[in-house]
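In terms of our numbering, the sequence shown opens at residue 1 and continues consecutively. Glycine included, every Cβ here is placed at the ideal spot set by N, Cα and C. Small disclaimer: the values here were computed from a predicted structure and weren't measured.
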Amino acid sequence: MSLIVNLRQLENRNLELGGDLPALDLALDLRDDMIRATQPLHYELEVEMLDDSLLIQGRLRLKLECQCVRCLKDFEYELELDPWVLHLPLEPLEDEEAVPIKNDCVDLTPRVREDILLRFPQHPVCNPECGGLKKAKVGKALKTAGKEESKPSAWAELNKLKL
Ligand SMILES: [Zn+2]
1 MSLIVNLRQL ENRNLELGGD LPALDLALDL RDDMIRATQP LHYELEVEML
51 DDSLLIQGRL RLKLECQCVR CLKDFEYELE LDPWVLHLPL EPLEDEEAVP
101 IKNDCVDLTP RVREDILLRF PQHPVCNPEC GGLKKAKVGK ALKTAGKEES
151 KPSAWAELNK LKL
């Protein structure tokens, strides 16, 4: 199942669409290991027929499973496009953006996929304050390094006093 609008249903009135699009149908091409999308996309849309195009307004919501790039912890990220507005020219307009019409139907899925991917977090972080693994390790290393350095120098100071 895809997110399909039947133009016949739009002849006299606006069409309201609501539901869930399974992750398999949304088929996001994810090359990033830090983000997984296994849950369905939730949509609530109103579709309006204009002269040679469709106007779609509403919202999209998708829960992503992310891995924090700093601390590697798994966390859930809710991607929300609200409002989501799409102006969709229809065939046979001489427009690169025009979508094909098949059996009076238009498939919104490719455009939804495109816009969802554009809004993906670039570097998912579990929390803006996340210090991450690296920082914690570096901090510890600095502390121990400091101790090791201060020990001999303290002894050196004592030796100086004795002399
Ligand atoms: Zn984190």
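Is DSSP giving L72 helix, strand or coil here?
Walking along the sequence shown from the start, residue 72 turns up at place 72. Three-state DSSP puts L72 in coil, outside helix and strand.
When you compare each of S53, L86, L72 to L60 by their alpha carbons, which one comes out closest?
As a first step, residue 60 must be located in the sequence shown, where it is residue number 60. Checked all of S53, L86, L72; the closest Cα to L60 is L86.
D82 vs L3 beta-carbon contact at 8 Å
One-based indexing of the sequence shown puts residue 82 at position 82. One-based indexing of the sequence shown puts residue 3 at position 3. Their beta carbons are not under 8 Å apart, which means D82 does not touch L3 by this criterion.
Where P83 falls: helix, strand or coil (DSSP):
Sequence index remark: in the sequence shown, residue 83 carries index 83 (1-based). In the structure shown, P83 sits in a strand (DSSP, three-state: E or B).
So, with DSSP's three-state summary, where would you put D115?
Indexing the sequence shown from 1 puts residue 115 at position 115. Helix at D115.
Quick one, what's near ligand 1 if you take every residue whose CB is closer than 7 Å to any heavy atom, in chain order?
C68, R70, C71, K73, V125, C126, N127, C130, G132
Tell me which residues share the same chain as V99 and place their Cβ nearer than 6 Å to its Cβ, disregarding the 5 neighbours each side in the sequence.
Here the question's residue 99 lines up with position 99 in the sequence shown. Hits under 6 Å: L88, V106.
Using three-state DSSP, classify P128 as helix, strand or coil.
Here residue 128 refers to the residue found at position 128 of the sequence shown. Coil.
Could you work out which residue in R31, L17, N103, E129 is closest to L41 when comparing CA atoms only?
Indexing the sequence shown from 1 puts residue 41 at position 41. Minimum Cα distance to L41 is reached at L17.
Report the three-state DSSP secondary structure of D25 (helix, strand or coil).
As a working mapping, residue 25 is identified with position 25 in the sequence shown. Residue state, collapsed to three classes: helix.
Taking L54 as the reference, which of R13, G132, E129, R119 has the closest Cα?
Here residue 54 is taken as the residue at index 54 of the sequence shown, counted from 1. Minimum Cα distance to L54 is reached at R13.
What's the gap between the Cα of T109 and the Cα of C126?
Counting from one through the sequence shown, the residue named residue 109 turns up at place 109. Counting from one through the sequence shown, the residue named residue 126 turns up at place 126. The straight-line gap from Cα to Cα measures roughly 29 Å.
Assuming contact is defined by CB atoms lying nearer than 8 Å, are I35 and C66 in contact in what I supplied?
Residue 35 sits at position 35 when you count from the first residue of the sequence shown. Residue 66 sits at position 66 when you count from the first residue of the sequence shown. Going by C-beta atoms, I35 is nearer than 8 Å to C66.
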